[in-house]
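Since the structure comes first, as C-alpha cells, the remarks are kept for the end.
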Amino acid sequence: MVSAALAVLENEEQRNELADFYEKHKNRLYETAFGHLHNRQEAEDALQETFLRIADKPENFFKIAFQNRLAYANIIARNVAVDMFIKRNKISTVQLEEDVEIDTIPLENYLFDKISRDEVVEFINRLPTAQRNVLMLRCFFGLSIDETSQRLNISLTTANKHLSLARKSIRKFIEEMNR
Numbered sequence: 040m041v042s043a044a045l046a047v048l049e050n051e052e053q054r055n056e057l058a059d060f061y062e063k064h065k066n067r068l069y070e071t072a073f074g075h076l077h078n079r080q081e082a083e084d085a086l087q088e089t090f091l092r093i094a095d096k097p098e099n100f101f102k103i104a105f106q107n108r109l110a111y112a113n114i115i116a117r118n119v120a121v122d123m124f125i126k127r128n129k130i131s132t133v134q135l136e137e138d139v140e141i142d143t144i145p146l147e148n149y150l151f152d153k154i155s156r157d158e159v160v161e162f163i164n165r166l167p168t169a170q171r172n173v174l175m176l177r178c179f180f181g182l183s184i185d186e187t188s189q190r191l192n193i194s195l196t197t198a199n200k201h202l203s204l205a206r207k208s209i210r211k212f213i214e215e216m217n218r
C-alpha cells in the first residue's frame with residue numbers, strides 16, 4: 040500500500056526520501072494509531088492512510104524542516120486514528136445545536152442574566168472532543184455514566200474525568216460571563 044502512495048510522487052528523490060522516512064518511523068506512527076484504536080488491523084490501516092495523505096500533498100511534507108517531519112506525520116496518524124475510532128463507534132460529533140433543541144437544555148434561568156443560551160452552546164461546541172462527547176451523551180441524551188463510557192469505549196474513570204472537566208469549564212465560563 041505504501042508503494043502505491045509512493046508511486047503518486049512526482050520525482051524519484053521524493054519517493055526515496057518518503058520510503059526512507061516510512062521505514063524509519065513506521066513503528067512509531069503505528070504505536071500512535073494503536074494507542075487510539077486498540078486494534079492491530081485498524082492501526083495498520085491508519086498507518087497506511089497516514090502515508091496516503093502525506094503522498095497526496097507532498098509539498099506540505101517536504102517543505103517542513105527534516106527534524107519536524109515526524110511530528111507532522113504523528114499528527115496525521117493521530118487524526119486518522121481518531122477519525123477511524125469515531126466512525127467505528129458511530130459517535131456523533133456534530134454541533135450541539137444540530138443535536139438538541141436549545142430550549143430543552145435544563146439550565147437555570149438566573150444563569151442567563153448576562154449570557155445567552157446560544158453563547159453557552161457555542162462554548163460547549165468549543166470544548167475538547169472527548170469532554171464534549173461525554174457531556175452530550177450524559178447530560179443531553181440522558182445516558183448513564185456507565186452507558187456513556189461503554190458507548191465511547193473508554194473506562195468509567197476516564198468518562199467521569201471528562202465529564203468533571205467539562206462541567207468545571209462550563210461553570211467557569213458562566214461565572215466569568217456573569218461578572
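Numbering (our numbering), first residue to last: 40 to 218.
Note that CB positions come from ideal geometry on N, CA and C, so glycine has one too.
So for residue i, helix, strand or coil by DSSP?
i      : result
ILE213 : helix
ILE125 : helix
ASN148 : Residue placement at ASN148 is poorly supported in this model, since its pLDDT is 46, which falls under 50; the coordinates still yield a value, given next. Reduced to three states, the DSSP call for ASN148 is helix.
SER203 : helix
ASN192 : coil
ALA58  : helix
ALA104 : coil
ILE141 : At ILE141, the pLDDT of 41 sits below 50, so the modelled position is not reliable; the number obtained from the coordinates is stated separately. In this structure, ILE141 counts as helix in the three-state DSSP scheme.
GLY74  : helix
LEU68  : helix
SER183 : coil
Residue i: buried (16+ other C-beta within 10 angstroms of its C-beta) or exposed?
i      : result
LEU68  : buried
SER155 : exposed
ALA110 : exposed
SER194 : exposed
ILE115 : buried
GLN170 : buried
THR196 : exposed
SER188 : buried
ALA120 : buried
PHE90  : buried
ARG165 : exposed
ASN14  : This structure cannot speak to residue 14, because the chain is shown only from 40 to 218.
ARG210 : exposed
THR168 : exposed
Go to residue i, then tell me how far its alpha helix (DSSP H) extends in each direction, as first and last residue.
i      : result
GLN87  : 79 to 95
ASN50  : Premise fails: ASN50 is in no alpha helix (DSSP H) and is neither H nor E.
ARG171 : 168 to 174
Looking at the ligand COA, does it come within less than 7 Å of residue i, judged from the CB to the closest heavy atom?
i      : result
THR168 : Here there are no bound small molecules, and the ligand COA is not part of this structure.
* Per the contact definition of three or more C-beta pairs closer than 8 Å, is the segment 72 to 82 in contact with the segment 93 to 101? -> no
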